[in-house]
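Data first, discussion second: the structure below is written as structure tokens.
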Amino acid sequence: MKLYCLSSDAAKPCFVLSFKELLIMLDCGLSAHSVLNFLPLPPVPSTRLASLPNYTPPHLNDPLLEGELKECCGRVFVDSIPEFCPPLDKVVDFSQLDVILISNYTCMMALPFITEDTGFKGQVYATEPTLQIGRFYLEELAEWVSGAAGSAAGAARRWKELLHVLPAPLAHAARPRSWRRLFAPAALARALARVRVVGYDERVDVYGALDATAVSSGFCLGSANWVLRSAHEKVAYVSGSSTLTTHPRPINQAALRGADLLVLAALTQTPAHNPDHMLGDLCVHAAVTLRGGGSVLLPVYPSGVLYDLLECLSAHLDGAGLASVPLYVLSPVADSSLAYSNILAEWVSVGKQARVYLPEEPFPHAALVRAGRLKHARALHDDAFSADFRQPCVVFCGHPSLRFGAAVHLVELWASNPAHAIIFTEPDFPYLDALAPFQPLAMKAFHCPIDTSLNYSQANKLVRELRPRELALPEQYAAPGPGAPPRPHIACDAPVVVLRRGLARACGARRGLARGWLSAALAARVAPRDVRAGLRAAPLAAALRVRDRRVSLDDAPPGAPGAARRPPPRLELAAPDVDALVRALAREGVADARVERGADGCIVHLPRHDTLVHVERHATHVFCEGDAGVRQALRRAIAACMPHV
Amino acid sequence: MPDIKITPLGAGQDVGRSCILLSMGGKNIMLDCGMHMGYNDERRFPDFSYIVSEGPITSQIDCVIISHFHLDHCGALPYMSEMVGYTGPIYMTHPTKAIAPILLEDMRKVAVERKGESNFFTSQMIKDCIKKVTAVTLHQSVMVDNELEIKAYYAGHVLGAAMFWIRVGSQSVVYTGDYNMTPDRHLGAAWIDKCRPDLLITESTYATTIRDSKRCRERDFLKKVHECVEKGGKVLIPVFALGRAQELCILLETYWERMNLKCPVYFALGLTEKANNYYKMFITWTNQKIRKTFVQRNMFDFKHIKPFDKSYIDNPGAMVVFATPGMLHAGLSLNIFKKWAPYEQNMVIMPGFCVQGTVGHKILNGAKKVEFENRQVVEVKMAVEYMSFSAHADAKGIMQLIQYCEPKNVLLVHGEAQKMEFLKDKIEKEFKINCYMPANGETCTINTPTKIPIDVSLRLLKAEAVRYNAQPPDPKRRRVVNGILCVRDNRLSLLDIDEMCDEIGINRHIIRFTSTVRFEDPGPAVKTAEKLKTLLSEKLEGWTITISEANISVESVLIKVEGDDDSTKNIYVSWTNQDEDLGSYILGLLQSMVQ
Ligand SMILES: [Zn+2]
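The listed protein sequences correspond, in order, to chains X and F.
Quick note: the first sequence uses full-length UniProt numbering, first residue 1, plus one each step.
Quick note: the second sequence uses full-length UniProt numbering, first residue 1, plus one each step.
Okay, structure coming up:
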């Protein structure tokens, strides 16, 4: 077993496991930190952003760099279509991948980079909510990045060669030459069309070599951990898991227990922030802002924590006498996302499921929509939206990086008014970096990250309970090296394999056994003998059939073509009894045996046949210069007086 | 235990109440727990005393599986769990768990409140019963215990209907419940993978029918409704709240939209909205088209179909009304029927099967007058139409399912004996497999070859593969493995002999034979060895022969040449006991070469 790590972002993992001669990709997360180095793409033209001064590094005259960099609020940004950091494509040939297993919709955004125009021929598996919500995320992203006002700009490339002369933070950009622009919508559609939908606890047969099972991970709708099982090995991939009680089905820990190898990824990105407290803070900040006549902007993704926010915030505002404040969700996929969440009855917590049996929608946002409290629109300029937009209000819209999407426009619009507030809840981006191109900011900014993934103490507890034989994790989660300052990490009694982008690590014990099926007819024919207490054995010659890697052992008809060239092996357990051997030889007509006993064995002479039999504890050696007849007589005699199976 | 035993307590050569006992690998499973709608006495429920005449039933049954919410499949469940006292696990899909209690409660009301029956389960019993149900999702592999595994497949038929695959050890059975193999207006077609069960237990309601196309029946239905309302007539369609009702509503809704009709259509039951809500929320269980378009337009939000009020019965002019119950045996549909029946321009369309004794059954058999308990006589002048929209697989569909899952045996239930005979014959001829059709209370024993799990050494398999692949391809060639079978703690493994000795720490006693051949061949021993190697290579094609100085090895047989440059060489040939064939062959070869 070998494990390759292709992503440096532990929260957007991508691993490849070679197991049973298969190459299995575990997640294909797309790291989007890179977009923070780019100028925002406003959905409607912004004079401020359009009139920023060019930036040229001091003492450098490079015409190719012309127009690539802009200075904004004292920072240098790249003026180009934003780029993302897909998994490393140099270590594993994507055309050789057999299977991609996706754990949840936040860990699949790089799928088109893996499957399109790479010669990929394998299968992709995900749960139905993962596919649907992943589709919303990807379509929203694609629409914003391609539909933004400044999207005519070409790809800036030259700056990547000149990092050494650029100011921070651009100077520290990680491997910008590997950054890629987002895929075309056609490639996205093709990639999603490859996904095969699985349910929780459904055993998916992977080329007959192993079973892959998605089990609930408790993190978001349809989120899964994967259990890979062959007849003798078990690998558990735990990515994006939560032991908290929110809207999804709770985590299934039992299925992950006792794995030979446990791969742990996508822990919380904000370990210092308790999600419950953050949600409480958020509600308070929102209520205070609204009461002061300001509006609240929440830069969010179109699904996931959004559902909890809608539920909690609407209830809190009701209680705070702000029941008349409208809530807006702005996203190209808002309608689908809100509708879908209410048909996924089989994927939600027991409490939400009970509502479906009544039958009522599992989430309250459908009722909020019916009551006119919650409104959703595809974009800012939608007539339906702009016509009845009134303030103060709460607007949920993307993108959390503040580099594209409706949020860019709203921050531009509200930045100078101290009555308004922006509250960051998504943990993917450092909020100060997200706000960098909008300074100076008069509106209030709050950081209330809500990341329900496991924190270090929860993850340590989980690992202890799951008792894997070996643990593999990204270097960020591993114990710091000797001399390094202490930090929270995952400790484990079992051996730990530390993974880093671009490296391959051997892991998992090698087992030398395959699962086969023995026919009852053949089983009835063998008569095992006792070798010692609790162990019986017998030689077995069987007709072998391998179909879809399923091994069957059946009765071999005698004399079948190509039948045994060798007889079934015989296992001799101890030296022959020499006296018995002499008697047996006499019965075979070889009568002149002379026995000579020594310290470490016996020698039986057969002078008439020019033959010596040297009997020792672990070996009997026959030096036979007689004819074949003598040798056969010797074989029969030895066989007759030797314990064997 | 290689036998699989099946005893129908219901649905054996009849269409009434499905309840089938399955015994396999020491496990007893009850498939469905239905009630018979045609009886009002104890024959209504399965005869649980068959399982155990007295004492607790729970120890005799490992689990109960319910295929779908129709009462002939789940109607006796509260009786079994709350009155007979079964406390073991019960499995059904989420939609079935949501909808079954509503139908059970409806049926209970009719039985207790209208017919005044006693000794019937109560509302609370239905609730308590449903609480004990474990809901499953499609394709989820559920371990009932360490050995018993079940898995649901999509069956079409009604919302949430499932077929179940059941496995104990290496034996497996598929039970279909009711299913249909063609998608309809709101549901998809049944689907199963090539799971090759030892036994397929399939319904056979339409065992002899190859039904006309769904499209034709739909066109016929719409034409009749349209013609009737055009002439100002009223159309009554008695339905059950869930199931066909939704399909027919979608059908009328789209037709009204397309033809731009203005005549009112009513859906007359308290449950309407509630029922449709189940479809909205379990939309993942409907067909592809509805699932794809639900964001823009939920097919179960009807524009043309409005709720019915009792006062509309006497409204003048044309209208279409869906009313419950479906067999005209009580309630609103019967009230409307009484009012509308005496007029020629009106029409009643029965979209499903009616049990004997119901008004529906009577008028379908041509009754022109119907008499009621209070001596009220209603003349039936309205047109009476029967149109089967019940979604069961026809003969073609059943054969298709057999082809999909490739069972080793088939057992027919939920059908009429004569029709079953016909289908049994067809299955046995076409698929060359055994087909069974036990009657109620009759036990059918099916012998299946068992396979025993065994751990096979990869070293052994790899060595075999190397040998096999080294030979020219021949599909007829048998592949053979030789090893040592070990039995430890009831677990079997097949190991390479040395591997076995290593693993269990025994020292193998090795028997080796060595013989000498003398060869007159002056020159260095190495040269002699090379000569011999060339000769052996010619004679032993396909064997691995290696040479190192004066030592040659032919697979595990060793040949060593010794002697001074100018004298006779001693050629020692040495092999272990198990290589006797090869060893003696090489010895013979060398002996003949030196002569
Ligand atoms: Zn049915």
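No residue lacks a Cβ here, since even glycine has one placed at the ideal position from N, Cα and C.
### Message
Just verifying my parser: in three-state terms, what is the DSSP assignment at Gln-253 of chain X?
### Response
Stepping through the first sequence from its first residue, residue 253 of chain X is reached at position 253. If DSSP states are grouped into helix, strand and coil, Gln-253 of chain X belongs with coil.
### Query
Considering only residues of the stretch 141-182 of chain F, which uninterrupted beta strand (DSSP E) runs meet the minimum length of 3 residues and lie entirely inside it, listed in chain order?
148-154, 162-168 and 171-175
### Query
Under a criterion of Cβ closer than 5 Å to any non-hydrogen atom of ligand 3, which residues qualify, in chain order?
Absence of ligand 3 is noted for the structure shown, with ligand 1 being the only ligands found.
### Residue nearest to Pro-542 of chain X in terms of C-alpha spacing, selected from X:Gln-132, X:Val-531, X:Arg-525 and X:Arg-378
Here residue 542 of chain X corresponds to residue number 542 of the first sequence, with the count starting at 1. Checking the displayed sequence, the identity of residue 542 of chain X turns out to be Ala instead of Pro. Nearest option by C-alpha distance: X:Arg-525.
### Task
Report the option in F:Met-281, F:His-304, F:Phe-308 and F:Ile-305 whose CA atom is closest to the CA atom of Val-295 of chain F.
Here residue 295 of chain F refers to the residue found at position 295 of the second sequence. Considering only alpha carbons, the answer is F:Met-281.
### Task
Work out the CA separation of Glu-202 of chain X and Asp-586 of chain F for me, nearest whole Å.
Residue mapping note: residue 586 of chain F aligns to position 586 of the second sequence, counting from 1. Residue mapping note: residue 202 of chain X aligns to position 202 of the first sequence, counting from 1. It is worth fixing the name first, because residue 586 of chain F is Ile in this sequence and not Asp. Spanning the two alpha carbons is a distance of roughly 56 Å.
### Query
Mind pulling the alpha helix (DSSP H) runs of 4 or more residues that sit fully within the stretch 550-594 of chain F?
580-594
### Task
With 7 Å as the C-beta to C-beta threshold (strictly closer), list the residues of the stretch 503-523 of chain X near chain F in chain order.
Gly-512, Leu-513, Ala-514, Arg-515, Gly-516, Trp-517, Leu-518, Ser-519, Ala-520 and Ala-523
### Query
What are the boundary residues of the beta strand (DSSP E) that includes Ala-323 of chain F?
Reading the second sequence from its first residue, position 323 is the one you call residue 323 of chain F. 319-323 is the extent of the beta strand (DSSP E) around Ala-323 of chain F.
### Cβ contact (3+ pairs, closer than 8 Å) linking the stretch 626-635 of chain X and the stretch 575-591 of chain F
yes
### Task
Apply the 10 Å Cβ neighbour rule to Lys-476 of chain F and answer buried if 16 or more other Cβ atoms are within range, or exposed otherwise.
As a first step, residue 476 of chain F must be located in the second sequence, where it is residue number 476. Its Cβ having fewer than 16 others within 10 Å, Lys-476 of chain F is exposed.
### Task
Compute the beta-carbon to beta-carbon distance between Ile-4 of chain F and Ile-446 of chain F, rounded to the nearest angstrom, for a pair I have assumed lies under 8 Å.
For the purposes of this step, residue 4 of chain F is identified with residue 4 of the second sequence, where counting begins at 1. For the purposes of this step, residue 446 of chain F is identified with residue 446 of the second sequence, where counting begins at 1. Yes, Ile-4 of chain F and Ile-446 of chain F are in contact; Cβ-Cβ is about 5 Å, under 8 Å.
### Query
If you measure from the beta carbon of Arg-636 of chain X to each beta carbon in chain F, is any gap under 8 Å?
Along the first sequence, read from residue 1 onward, the residue named residue 636 of chain X stands at position 636. Chain F, which has no Cβ nearer than 8 Å to the Cβ of Arg-636 of chain X, makes this no.
#### Entry: For Glu-464 of chain F and Leu-513 of chain X, believed in contact at Cβ under 8 Å, the rounded distance
One-based indexing of the first sequence puts residue 513 of chain X at position 513. One-based indexing of the second sequence puts residue 464 of chain F at position 464. About 15 Å separates the two Cβ atoms, so there is no contact after all.
### Message
Please state the DSSP three-state secondary structure of Gly-150 of chain X.
### Response
Counting from 1 along the first sequence, the entry for residue 150 of chain X is found at position 150. Here Gly-150 of chain X scores only 48 on pLDDT, less than 50, and its place in the model is too uncertain to base an answer on.
### Query
Mapping DSSP to helix, strand and coil, what is Phe-385 of chain X?
The residue labelled residue 385 of chain X in the question sits at position 385 within the first sequence. Looking at Phe-385 of chain X - three-state DSSP - the assignment turns out to be helix.
#### Entry: Partner residues on chain F for Tyr-125 of chain X, Cβ-Cβ distance less than 7 Å
Here the question's residue 125 of chain X lines up with position 125 in the first sequence. Chain F residues near Tyr-125 of chain X: none, gap ~12 Å exceeds 7 Å.
### Message
Would Asp-502 of chain F pass as an interface residue toward chain X - the criterion being a Cβ-Cβ separation below 8 Å?
### Response
Here residue 502 of chain F refers to the residue found at position 502 of the second sequence. For Asp-502 of chain F, the answer is no, since every Cβ of chain X falls outside 8 Å of its Cβ.
### Task
Take Asp-47 of chain F and list the residues in its own chain whose beta-carbon comes closer than 7 Å to its own, dropping the five residues that flank it on each side.
Position 47 of the second sequence, counting from 1, holds the residue named residue 47 of chain F. Result list for Asp-47 of chain F: Leu-9, in chain order.
### Query
What in chain X is Cβ-close to Asn-507 of chain F, meaning under 7 Å?
On the second sequence, position 507 is the one that residue 507 of chain F refers to. Ordered by position in chain X, the residues that pass the 7 Å Cβ test against Asn-507 of chain F are His-618.
### Message
Let me check understanding here. Comparing Cα to Cα, which of X:Leu-585, X:Glu-360 and X:Gly-258 lies closest to Ala-494 of chain X?
### Response
Position 494 of the first sequence holds residue 494 of chain X. Nearest of X:Leu-585, X:Glu-360 and X:Gly-258 to Ala-494 of chain X, Cα basis: X:Gly-258.
### Message
Could you check whether the stretch 275-283 of chain X touches the stretch 373-383 of chain X, counting it as contact only if at least three pairs of C-beta atoms, one from each stretch, sit closer than 8 Å?
### Response
no
### Query
So, does the CB of Asn-342 of chain X fall closer than 8 Å to a CB anywhere in chain F?
Along the first sequence, read from residue 1 onward, the residue named residue 342 of chain X stands at position 342. At least one chain F Cβ lies under 8 Å of Asn-342 of chain X.
### Query
Any contact of the stretch 337-355 of chain X with the stretch 121-133 of chain X, i.e. 3+ C-beta pairs under 8 Å?
yes
### Task
For the stretch 461-487 of chain F, enumerate the residues whose C-beta is nearer than 9 Å to any C-beta of chain X, in chain order.
Leu-461, Glu-464, Ala-465, Arg-467, Tyr-468, Gln-471, Asp-474, Lys-476, Arg-477, Arg-478, Arg-479, Val-480, Val-481, Asn-482, Gly-483, Ile-484, Leu-485, Cys-486 and Val-487
### Query
Taking only runs of the alpha helix (DSSP H) that begin and end inside the stretch 178-229 of chain X, which ones reach a length of at least 4 residues, in chain order?
185-193
### Message
Against chain F, does Leu-36 of chain X count as a neighbour if the rule is that its beta carbon must be under 8 Å from one of theirs?
### Response
Residue 36 of chain X sits at position 36 when you count from the first residue of the first sequence. Taking Cβ atoms only, chain F never reaches closer than 8 Å to Leu-36 of chain X, which makes this a no.
### Message
Do Glu-149 of chain F and Gly-25 of chain F count as a contact pair if the criterion is CB distance below 8 Å?
### Response
Here residue 25 of chain F is taken as the residue at index 25 of the second sequence, counted from 1. Here residue 149 of chain F is taken as the residue at index 149 of the second sequence, counted from 1. Going by C-beta atoms, Gly-25 of chain F is not nearer than 8 Å to Glu-149 of chain F.
### Query
Would you call the CB atoms of Gly-292 of chain X and Ala-266 of chain X closer than 8 Å?
Taking the first residue of the first sequence as position 1, residue 292 of chain X is located at position 292. Taking the first residue of the first sequence as position 1, residue 266 of chain X is located at position 266. Against a cut-off of 8 Å, the Cβ pair of Ala-266 of chain X and Gly-292 of chain X comes out as no contact.
### Task
With a floor of 3 residues, list each beta strand (DSSP E) that falls wholly inside the stretch 263-334 of chain F, ordered by position along the chain.
265-268, 305-307 and 319-323
### Task
Look up Pro-453 of chain F in the DSSP assignment and say whether it is helix, strand or coil.
Position 453 of the second sequence holds residue 453 of chain F. Note: Pro-453 of chain F maps to strand in three-state DSSP.
#### Entry: Residue ranges of each alpha helix (DSSP H) within the stretch 251-316 of chain X, 4 or longer
275-291
#### Entry: Where Phe-69 of chain F falls: helix, strand or coil (DSSP)
In the second sequence, residue 69 of chain F corresponds to position 69, counting from 1. Coil, per DSSP.
### Query
So what's residue 600 of chain F in DSSP terms, helix, strand or just coil?
No statement about residue 600 of chain F is possible, as the shown extent of chain F runs from 1 to 595 and does not include it.
### Message
Between Ser-553 of chain F and chain X, is any beta-carbon pair separated by less than 8 Å?
### Response
Within the second sequence, numbered from 1, the residue matching residue 553 of chain F stands at position 553. Closer than 8 Å: no.
### Task
Please check if any C-beta of chain X sits within less than 8 Å of the C-beta of Leu-492 of chain F.
Numbered from 1 along the second sequence, position 492 holds the residue referred to as residue 492 of chain F. For Leu-492 of chain F, the answer is yes, since a Cβ of chain X falls inside 8 Å of its Cβ.
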